[in-house]
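In what follows, a structure is listed as structure tokens, so that the remarks can point back to it.
Chains as they are written, first to last, in the numbering used here: chain B, 1 to 419; chain E, 1001 to 1419.
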């Protein structure tokens, strides 16, 4: 069972936008056991789209398209598909109702332009788009399936995981692939690879390991392929058992969730609250924490103390200490963590202060120097880090290391015997 | 003059790596006036690479390939090119010398594996790789040019900008393409399309418009192609002149920068500072603002008042008002904006309070209800929004609308006659 992706959009061919959709689709197809053989990116022109689609349908049973489904004149995917599959347009009452509801809640008037989104080809299945206005079109003809999805990442992702992948799984009798994702924090990739070397070399046939590093974290994925889901499950469980011993607390989740979600669960389980005092991370930690639904149960708030007057005036950091030790120092980080804890009345306070760059570095404190502190019922600790990325990289990685410090502290306070 | 890109690598087809190389190459080609018509991603298999390359050479005069040039077994681009173009391998003394120097500096011994990198096809031009071990191969035959580059981004980028683009410019008498990006805030795509309909329909031949929507914003791109850069520049300037009248202050930049960068420039130009009080956006506005280098000159800090006690205790919001009007109300938003301004001593305060979802909605205040307030020297104003996305969408779009409200206020205070 082979599949191809066709992404449509001039913005991809002039380098204005990086195609992140394809990697997401590729991963989901792999999980479903579908072999992706080609990704083709073409412009918004009718003849190039038609040519690319015709070629892909000759080679592959499944073609997933993204882009060109919007309400503007440069969106012509629908028209190309109708030329290819024949038939006319009908106004879908369901899509129109979805559209009206979506627009009215957003305070956007219905006009001829966006109303055209409710016109759908009569000979395809229409899949509803819960987070946007363009419906998803599913054509099934002569052993070939063509699916047209919006190019907006969130809309594509929602439709793909919620509707399209389940339908693909139903449609094709696939071999069995079971995966487990393991999320690890606080390791460099090369160090982790060395630590896991013997275990990886001894993995049974059909089981493979992939490293997917991101800011301050590594996502490990164990894939097992074979005939029987039951057998594979046992094989994976056995390997996971070994990993638990090798990696211990470095694993923050045995499933694919973010660090902030793991921390949220830990805070709920421990019935504790926390707050953050951010300097170099500028609000990113608060943003990550509050991206998790229900975070208001354990996250009280944050002070982004970008200016030193905010560090002293709001958080109560001693301005004499700021002057003598510098804003980027253990003392200031610790006073910030204690200050936010006092200010909000939270059980834990987490702070960051550092030099994200590109300016502001000195020989003693180069760009990338970051102090993180955690204050809690059992005291206040701080730690220095040295990162060497761009401004955005340093900010992102600082947030991850800070969150991991908080996680380890919550874990230690919960089970003192383990640290 | 048409070009295509072929990227090679299994990691791209299983979603492990996002293809960022293609966007970089695309941008450089566009700047050189080369029309990129297609990007094809295929696996490391000999027959798929050969097929993709043969097809591309039928359609296009220039094919740029990345990947599959390394020293390991799955790197077979060189072998595919030799099958296609004929001829044998020779050891290049220059490449061997480069290789030895490169390896010795990296402390890696020369072995049979990496020495094979010095073996190059005899009937191509070899372009030196100053930052890696795989040389770049340039084939020129029957009006077709095929260039094979390494897939490692730094090596590809160095070779492309330093050697390949200059050669392409020499080789082809190219048509000219000029683009201008216009960034618009506060418009829904369909409403903007309606507003620009007449203007777009009257665009001269050779000039086209593309819409690239993202959270709460639309990026417009005007492309003009023709013979003379000078003529095209005048044509674009004329159309931009019309757009200025149609869109007015909805345009936050006539170039491709983010809203937070436009606000930063405005704050610097006006010599004012601001701070933020965030509830539903949870720190995202602070993160966006501080992602801009130099933001410490105008951004003093933020309070993320997730808990109502932080709203009253830190920001001084009247808890009687919170109880009577609710935390998501005009009054609370305004008191938050005033409170953060007072607390940090900034010229402006920007606040958000709303229900991001998925929980917390009521019939009177459904999920997506957001109040934004701006407080400044000329007073405090607030505005209600209703969004209908997921939690993350509502947070992202709230941050964009809030930043835009601040921008319009800074603009109005700067030039009172314009509002």
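In this text, a Cβ means the ideal position worked out from N, Cα and C, and glycines have one as well.
Being a predicted model, the structure only gives us computed values, none of them experimental.
- For residue 50(B), there is no enclosing beta strand (DSSP E); the enclosing alpha helix (DSSP H) covers residues 46–59.
- At a cut-off of 8 Å between C-beta atoms, residue 307(B) counts as an interface residue with respect to chain E.
- Taken in chain order, the unbroken stretches of alpha helix (DSSP H) that lie wholly in the segment 1107–1146 of chain E and span 4 residues or more are 1112–1115.
- The C-beta distance from residue 1402(E) to residue 1352(E) rounds to 5 Å, short enough to meet the 8 Å contact threshold.
- At a cut-off of 8 Å, the C-beta of residue 1348(E) has no neighbouring C-beta in chain B.
- Contacts between residue 1193(E) and chain B, judged by CB atoms closer than 7 Å, involve 71, 72, 113 in chain order.
- At a Cβ-Cβ threshold of 8 Å, residue 27(B) and residue 1014(E) count as neighbours.
- At least 8 Å separates the beta-carbon of residue 317(B) from that of residue 1344(E).
- Nearest CB-CB separation between residue 1334(E) and chain B: not below the 8 Å threshold.
- For residue 1324(E), the enclosing alpha helix (DSSP H) starts and ends at 1319–1325.
- Only 273, 275, 276, 278, 279, 280, 281, 282, 283, 284, 285, 286, 287, 288, 289, 290, 291, 292, 293, 294, 295, 296, 299 from the segment 269–299 of chain B bring a Cβ to less than 9 Å from some Cβ of chain E.
- Residue 404(B) does not reach chain E, its nearest Cβ partner there being about 18 Å away, counting only Cβ pairs nearer than 7 Å.
- Within the model, the alpha-carbon separation for residue 1115(E) versus residue 8(B) is close to 41 Å.
- Taken through DSSP and simplified to helix, strand or coil, residue 283(B) comes out as coil.
- The beta-carbon separation of residue 266(B) and residue 407(B), rounded to 7 Å, stays under the 8 Å limit for a contact.
- Those residues of the segment 1369–1400 of chain E placed with their C-beta closer than 8 Å to a C-beta in chain B are 1385, 1386, 1387, 1388, 1389, 1390, 1391, 1392, 1393, 1395, ordered along the chain.
- A straight-line Cα-Cα distance of about 20 Å links residue 166(B) and residue 6(B).
- Excluding five sequence positions before and after residue 1055(E), none of the CB atoms of its chain fall closer than 7 Å to its own CB.
- Only those residues of the segment 83–103 of chain B whose C-beta falls short of 7 Å from the nearest C-beta of chain E are listed: 102.
- Rounded to whole angstroms, the gap between the alpha carbons of residue 1159(E) and residue 1150(E) is 9 Å.
- DSSP places residue 1080(E) inside the alpha helix (DSSP H), whose first and last residues are 1077–1085.
- Chain B has a Cβ within less than 8 Å of the Cβ of residue 1014(E).
- Between residue 1235(E) and residue 1204(E), the gap from beta carbon to beta carbon is short of 8 Å.
- Nearest to residue 147(B) by C-alpha distance, out of 96(B), 132(B), 68(B), is 68(B).
- At a cut-off of 3 residues, the continuous stretches assigned as beta strand (DSSP E) that sit fully inside the segment 171–196 of chain B are 176–185.
- Linking residue 2(B) to residue 35(B) through their CA atoms gives a straight-line distance of about 5 Å.
- In the structure shown, residue 98(B) adopts helical secondary structure according to DSSP, grouped into three states.
- In the DSSP assignment, residue 1252(E) falls outside any alpha helix (DSSP H) and within the unbroken beta strand (DSSP E) covering 1251–1253.
- Interface flag for residue 359(B) against chain E is set, since a Cβ pair is found closer than 8 Å.
- The continuous stretches of beta strand (DSSP E) do not include residue 415(B), and DSSP gives it neither H nor E.
- Closest in C-alpha terms to residue 77(B), from the list 383(B), 117(B), 62(B), 104(B), comes 117(B).
- For residue 393(B), the closest of 229(B), 295(B), 217(B), 350(B) by C-alpha to C-alpha distance is 217(B).
- The beta-carbon of residue 303(B) is placed less than 8 Å from the nearest beta-carbon of chain E.
- Judged by pairs of C-beta atoms under 8 Å, the segment 1179–1187 of chain E touches the segment 1206–1224 of chain E, as three or more such pairs exist.
- Contact between residue 1274(E) and residue 1299(E) holds, since their C-beta atoms are separated by about 6 Å, short of 8 Å.
- Residue 86(B) and residue 123(B) have their alpha carbons spaced roughly 8 Å apart.
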